[in-house]
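First comes the structure, then the notes that go with it.
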Amino acid sequence: MADHLLEVRNLSVEFHTASGVVHAVRDISYHLDRGETLAILGESGSGKSVSSSAIMNLIDMPPGRITSGEVLLDGVDLFKLPPHERRAVNGRRIAMIFQDPLSHLNPVYTVGWQIREALTTHGADAATAAAEALRLMTRVGIPEPERSLGKYPHEFSGGQRQRVMIAMALALRPDLLIADEPTTALDVTVQAEVLALLEELQEETGMGVLIITHDLGVVAEIADRVVVMEKGVLVEAGTVREVYKNPQHPYTKKLIAAAPGKGEMHAPAARAEPVLSVRDVRKTYGSFEALKGVSFDLMPGETMAVVGESGSGKSTLARILLRLDEPDAGTAHWKGRDLFTLSPAELYKLRRDLQMVFQDPTQSLNPRMTVFQLISEAWVIHPDILPKAKWRERVAELLVQVGLGPEHMGRYPHQFSGGQRQRIAIARALALEPQLIICDEAVSALDVSVQAQVIELLDKLRREMGIAFIFIAHDLPVVRDFADHVMVMQKGDIVELGTVRAVFETPRQEYTRALLSAGLDPDPDVQAAHRAARLQRAAS
Amino acid sequence: MTLQTDTILADEPNFATRMVRMLLADKFALCAAIFLVFIVILAIVGPSWLGELATKQNLRGRNAAPFDWERGWVWWMGADALGRPLLARIVVATQNTLMVAAGAVALSAAVGTLLGLVAGFSSPRVNQVIMRLADVIMSFPSLLIAVIVLYILGSSILNLMLVLAITRIPVYLRTTRAEVLEIRERMFVQAARVMGASDRRILFRHILPVVLPTLTTLATLDFAYVMLAESALSFLGIGIQPPEITWGLMISQGRQYLTNAWWLSFWPGLAIILTTMSLNMLSNWLRIALDPVQRWRLEMKGRKNG
Amino acid sequence: MIPPPGLSEGAMLKFVRKRAVASLISLVGLIVMVFFLSRLTGDPAALFLPVEASAEMKQQFRELHGLNDPLLVQFAHYVGDVLTGDLGESLRKARPALDVVLEAFTWTLWLAVITMSLVTGAAILVGSLAAFRAGGFFDRLSSIISLIGASVPDFWVAIVAIVVFSVNLAWLPTSGTGSLLHWILPIAVLFIRPFGIIVQVVRGSMIGALSSAYVKTARAKGVKSRSIIFVHALRNAMLPVITVIGDQAASLLNGAVIVETIFGFPGVGKLMIDSILQRDFNVVLAAILVTALAIFLMNLLIDLAYALLDPRIRH
Numbered sequence: 055m056a057d058h059l060l061e062v063r064n065l066s067v068e069f070h071t072a073s074g075v076v077h078a079v080r081d082i083s084y085h086l087d088r089g090e091t092l093a094i095l096g097e098s099g100s101g102k103s104v105s106s107s108a109i110m111n112l113i114d115m116p117p118g119r120i121t122s123g124e125v126l127l128d129g130v131d132l133f134k135l136p137p138h139e140r141r142a143v144n145g146r147r148i149a150m151i152f153q154d155p156l157s158h159l160n161p162v163y164t165v166g167w168q169i170r171e172a173l174t175t176h177g178a179d180a181a182t183a184a185a186e187a188l189r190l191m192t193r194v195g196i197p198e199p200e201r202s203l204g205k206y207p208h209e210f211s212g213g214q215r216q217r218v219m220i221a222m223a224l225a226l227r228p229d230l231l232i233a234d235e236p237t238t239a240l241d242v243t244v245q246a247e248v249l250a251l252l253e254e255l256q257e258e259t260g261m262g263v264l265i266i267t268h269d270l271g272v273v274a275e276i277a278d279r280v281v282v283m284e285k286g287v288l289v290e291a292g293t294v295r296e297v298y299k300n301p302q303h304p305y306t307k308k309l310i311a312a313a314p315g316k317g318e319m320h321a322p323a324a325r326a327e328p329v330l331s332v333r334d335v336r337k338t339y340g341s342f343e344a345l346k347g348v349s350f351d352l353m354p355g356e357t358m359a360v361v362g363e364s365g366s367g368k369s370t371l372a373r374i375l376l377r378l379d380e381p382d383a384g385t386a387h388w389k390g391r392d393l394f395t396l397s398p399a400e401l402y403k404l405r406r407d408l409q410m411v412f413q414d415p416t417q418s419l420n421p422r423m424t425v426f427q428l429i430s431e432a433w434v435i436h437p438d439i440l441p442k443a444k445w446r447e448r449v450a451e452l453l454v455q456v457g458l459g460p461e462h463m464g465r466y467p468h469q470f471s472g473g474q475r476q477r478i479a480i481a482r483a484l485a486l487e488p489q490l491i492i493c494d495e496a497v498s499a500l501d502v503s504v505q506a507q508v509i510e511l512l513d514k515l516r517r518e519m520g521i522a523f524i525f526i527a528h529d530l531p532v533v534r535d536f537a538d539h540v541m542v543m544q545k546g547d548i549v550e551l552g553t554v555r556a557v558f559e560t561p562r563q564e565y566t567r568a569l570l571s572a573g574l575d576p577d578p579d580v581q582a583a584h585r586a587a588r589l590q591r592a593a594s
Numbered sequence: 003m004t005l006q007t008d009t010i011l012a013d014e015p016n017f018a019t020r021m022v023r024m025l026l027a028d029k030f031a032l033c034a035a036i037f038l039v040f041i042v043i044l045a046i047v048g049p050s051w052l053g054e055l056a057t058k059q060n061l062r063g064r065n066a067a068p069f070d071w072e073r074g075w076v077w078w079m080g081a082d083a084l085g086r087p088l089l090a091r092i093v094v095a096t097q098n099t100l101m102v103a104a105g106a107v108a109l110s111a112a113v114g115t116l117l118g119l120v121a122g123f124s125s126p127r128v129n130q131v132i133m134r135l136a137d138v139i140m141s142f143p144s145l146l147i148a149v150i151v152l153y154i155l156g157s158s159i160l161n162l163m164l165v166l167a168i169t170r171i172p173v174y175l176r177t178t179r180a181e182v183l184e185i186r187e188r189m190f191v192q193a194a195r196v197m198g199a200s201d202r203r204i205l206f207r208h209i210l211p212v213v214l215p216t217l218t219t220l221a222t223l224d225f226a227y228v229m230l231a232e233s234a235l236s237f238l239g240i241g242i243q244p245p246e247i248t249w250g251l252m253i254s255q256g257r258q259y260l261t262n263a264w265w266l267s268f269w270p271g272l273a274i275i276l277t278t279m280s281l282n283m284l285s286n287w288l289r290i291a292l293d294p295v296q297r298w299r300l301e302m303k304g305r306k307n308g
Numbered sequence: 007m008i009p010p011p012g013l014s015e016g017a018m019l020k021f022v023r024k025r026a027v028a029s030l031i032s033l034v035g036l037i038v039m040v041f042f043l044s045r046l047t048g049d050p051a052a053l054f055l056p057v058e059a060s061a062e063m064k065q066q067f068r069e070l071h072g073l074n075d076p077l078l079v080q081f082a083h084y085v086g087d088v089l090t091g092d093l094g095e096s097l098r099k100a101r102p103a104l105d106v107v108l109e110a111f112t113w114t115l116w117l118a119v120i121t122m123s124l125v126t127g128a129a130i131l132v133g134s135l136a137a138f139r140a141g142g143f144f145d146r147l148s149s150i151i152s153l154i155g156a157s158v159p160d161f162w163v164a165i166v167a168i169v170v171f172s173v174n175l176a177w178l179p180t181s182g183t184g185s186l187l188h189w190i191l192p193i194a195v196l197f198i199r200p201f202g203i204i205v206q207v208v209r210g211s212m213i214g215a216l217s218s219a220y221v222k223t224a225r226a227k228g229v230k231s232r233s234i235i236f237v238h239a240l241r242n243a244m245l246p247v248i249t250v251i252g253d254q255a256a257s258l259l260n261g262a263v264i265v266e267t268i269f270g271f272p273g274v275g276k277l278m279i280d281s282i283l284q285r286d287f288n289v290v291l292a293a294i295l296v297t298a299l300a301i302f303l304m305n306l307l308i309d310l311a312y313a314l315l316d317p318r319i320r321h
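Residue numbers (the working numbering), protein chains in the order written: chain A, 55 to 594; chain B, 3 to 308; chain C, 7 to 321.
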């Protein structure tokens, strides 16, 4: 057998849980060579992270158990190493970076200390470690590296924290870097920078990179080969182009089909009398200007997408329109009445018209209420909508409307999957018969295939009930198939506002173009072209 | 596209069945619960059942030794300095002991929780006032205050309850406030607000149910604490006054005979230990059983045990 | 292992100042409450004078201490007295009450400091090790011990200990402060409950910290188990522990009453009980004020410890 850098053979891992034994991965095998990048692609629950945890000896046993298989690093089975040798492999030969760098960095130690620790753990002396830490911080592009070494993780931005993680992981020039969803929590432009950094470093050191992701775009951008996992089983393997162009397994086909941004774009009708008219809304938190005078109109039954990176003010806008926060200045006329000057009693009446669907349905549904209680709460608060005798019937109706069944009425949110929970949240919003629903990152936390279903549901509601949407997202492709108009926000300002076609095909602003080109396309060829264009622009 | 084919878990059994199952899964907590039920029954029926026997003096049986199986069961633990059967006295004292603790816990929990809800949910200024008040109570040497207040006001069951309650209010206040501050920012509270829910509805329908398990656990733990505090005060002679009795007072009464009749102080002490230990055990169990994230530990154990 | 870094002095100073100002308000509240305790819970003349005092004596006493003045004036006087450290005379010992109290308080403070140091060290060690192998033999053993520790009434343990160790075995003295041996029983008795409680908190907090994401990172870096427990997890797990240590230390400062009484230890608790029984109320009030002040300063220290441990709190 050829000598690969890493070879996973017939690995099976199970976990003992309250609902019985879960086979997290079953009999999976893959390999990786030096200088190569392998992606493990899968949605939540696919077991895509389990094999890497096994490689790093991070599985807690119990409840976990490795039932079969071996992991060979340069031909040596890691499972058979004595504990101290096994530990010596971690950090020195294999290093790992994680999805959420804020929680993966120790909050009470400075980043400099944490990087130095990686070095001293494996035998470096303090002086060497200090010098090396400074070099690493400089290399991964942290501004003011010397001063930054003395800062704590919470004092950095998300992208910088991931750079720190990378610096720490690469401290000992490992042969293999495992990156578990390294860019998932980051803005698209930052994601592109971090991936570019990873590639540069790989070229420098010749390490193998194992990247775990749910995002076809990331695979297209960085990986040479890909393995696809579904429910603990490896269903497809091949080069990135092969798998994308000619998927064999139905699951892979489904994943590729679900990737957003390929459908027909909407052609909105001519604009007439706006139902919502927002003028010059401003908001500052302390010295931070969250909104610097935002104005736009929304027509009845229209979908306005609001796109921007973190800190752009898009969520603040949503909160202010719903009066969860008070604006400093500006007006927002809903059917001729200024939302911002309503008395509490008037506001209470108006709540019926304006509803919201939040990002994470796990958090937006009270865990201690049944589906029936969750949905009917709308009528407890607004008793004049529906007499109590009809509640059950109507809840059943709403559940069917969002693609669930009446039999789900007595269950609690945690008994549903993420996508189903978001459907419940949508049913709850519909219970008040609103005319405008504000979706704040309503599909961002969902798997790609589920994302597509929820968007389809929202589109159906718009067609059938004429509900207008303000659809907030950080991701451009998601809004492409759904929006009539797109509003791009940056640092509290609207930088571009136009029809979906205009924004996507003929963006006028540099920032919009940057956003569009930073977005990763699932098609490796398209992505290669994007990349070339981006590099060219960066060069000029 | 079809609905995602996720398996939906079977309907869950109702709350009571679930709790009983989880209680059966934890043998220690089960014993503790049974013991506490037994103690509560004693507290209810004790005084009317053995009240007379427990106060009847019998000078010939002074400091009678325990384990004298010849005599009636009330004498098995021996007799006190006035020849009164200790077992009967312990049973009778249960009522006062539990009542003071229960009253103090109920009062402090109710007031503390309410203040905590208000502090966590109202304007920063009100919040500040309430918190500073809690700080003052917290930095008061509570036992010393109890001593002086009881001395001045005279000690009665009610005063004892009040004093103990006041010193424990900050515990609930701080816990509740901290939780409310966190929960009010959660998405489901925001969602209720968007629907137009009133502050009262949000507080009592959305926030309180989430805080309640923590408070229940805390109150169970605190019950043990208050019981110990009451015993200590009674032991010092400024808590319950004779002829009323509590376990703490019994220990104090036996203290002067320690060297020749250890049982006078030993048995009531054991009663206190067993009760507080049961409460602590139950509290530990509650912490897990009422936490949706940790609950599986107990449910799994139950399954394994058959 | 390299030593963890300290923190910038500027940030610390600012934090201290902010906390000090906030607690100043509480301090005023405290003085107000002590004042009202002394004036409103009954006629001070009746309280401060012996039971057999005549009406004339009472009148004289009132005039002497300005008790006939309006309440606000009295309060102003009282605040003035407190600020100048004049807390009246001890009737029993004919010395300034503050001196009497401070003398006794020194004893209590030593007792509390020694006990809490022992408790903290032992509880952190036991709790951390129990958490590292949660569910194992050591964990179960320490759970039982800590449960019992948290449940026993200290006065009961104290008298049982006297019977066993002083009377029957005659190893240790029953009361007083003459030698080192005199300290053993009070410290041992005071040790039990805080130890039981803090072990449980350390264990719970450590289990949380050990399952956190940053510990995963440390394991991925190849950090040794000892270092993961005592460097990475422990410092994070200490926040809730510090709170409980503070609570326990406070209840030691005032709860030593019983143990001091039983062991005849001349601390502030025993002083209070004696003073109450002998109606020496200036001493009682001074004792409350001093103890409260001590608890108060300790709470401030706890806040500082927070900031020292967790850089996020300094903001």
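Cβ atoms here follow ideal geometry from the backbone N, Cα and C, with glycine treated the same way.
From a predicted model like this one, the values you see are computed outputs, not experimental measurements.
- Here A/Gly262 is near A/Leu230, since their CB atoms are less than 8 Å apart.
- Beta-bridge partners of A/His158 (DSSP): none assigned.
- In terms of beta-carbon proximity, C/Met39 lines the interface with chain B, with at least one pair separated by less than 8 Å.
- Contact note: C/Leu315 reaches chain A through Val162, using a C-beta cutoff of 8 Å and chain order.
- For the 8 Å CB-CB criterion, A/Leu345 and A/Leu371 form a contact.
- Within the stretch 134-166 of chain C, the residues whose Cβ lies closer than 8 Å to some Cβ of chain B are Leu153, Ile154, Ala156, Ser157, Val158, Pro159, Asp160, Phe161, Trp162, Ile165 and Val166, listed in chain order.
- Cβ-Cβ distances below 7 Å link A/His70 to Pro116 and Pro117 in the same chain, with the five nearest sequence neighbours on each side left out; the list follows chain order.
- Using a Cβ-Cβ cut-off of 8 Å, A/Asp154 counts as an interface residue toward chain C, since at least one Cβ of chain C sits closer than that to its own.
- Using a CB distance cut-off of 8 Å, C/Ala300 does not count as an interface residue toward chain A.
- A Cβ-Cβ contact shorter than 8 Å links B/Gly122 with B/Leu183.
- In the same chain as C/Val195, and ignoring 5 residues on each side of it, the C-beta atoms closer than 7 Å to its own belong to Asp160, Val163, Ala164, Ala167 and Val265, in chain order.
- Excluding its 5 nearest sequence neighbours in each direction, A/Gln544 has C-beta neighbours in its own chain below 8 Å: Gly362, Glu363, Ser366 and Tyr565, listed in chain order.
- For the pair of segments examined, the stretch 186-198 of chain B was found not to touch the stretch 153-162 of chain B: the number of CB pairs separated by less than 8 Å stays below three.
- Of the other Cβ atoms in all chains shown, fewer than 16 fall within 10 Å of the Cβ of A/Val75; this residue is therefore exposed.
- Among the CB atoms of chain B, none fall inside 8 Å of the CB of C/Val106.
- Separation of A/Lys316 and A/Leu530 (C-alpha to C-alpha, rounded to the nearest whole angstrom) is 12 Å.
- Setting aside the 5 residues that flank it on each side, C/Leu135 is surrounded in the same chain by Phe144, each with a C-beta closer than 7 Å to its C-beta; the list follows chain order.
- Annotation note: the stretch 196-253 of chain A contains the following uninterrupted alpha helix (DSSP H) runs of length 4 or greater, listed N- to C-terminal: 199-202 and 212-223.
- The beta carbon of A/Ser418 sits closer than 6 Å to those of Phe412 and Ala479, all from its chain and outside the five residues before and after it, given in chain order.
- Taking 8 Å as the cut-off, the Cβ atoms of C/Val158 and C/Arg199 count as close.
- Using a Cβ-Cβ cut-off of 8 Å, B/Thr57 is close to nothing in chain C; its nearest Cβ partner there is about 24 Å away.
- For A/Asp131, the pairing in a beta bridge is given by DSSP as A/Leu126.
- Uninterrupted alpha helix (DSSP H) stretches at least 4 residues long and entirely within the stretch 281-324 of chain A occur at 294-299 and 304-312, given in chain order.
- Within chain A, no C-beta atom comes nearer than 8 Å to that of B/Gln97; the closest sits roughly 36 Å away.
- A/Val533 places its beta carbon less than 8 Å from that of A/Ala359.
- Proximity of chain C to A/Arg141 at the Cβ level (cut-off 9 Å) is accounted for by Arg225, Gly228, Val229, Lys230 and Ser231, in chain order.
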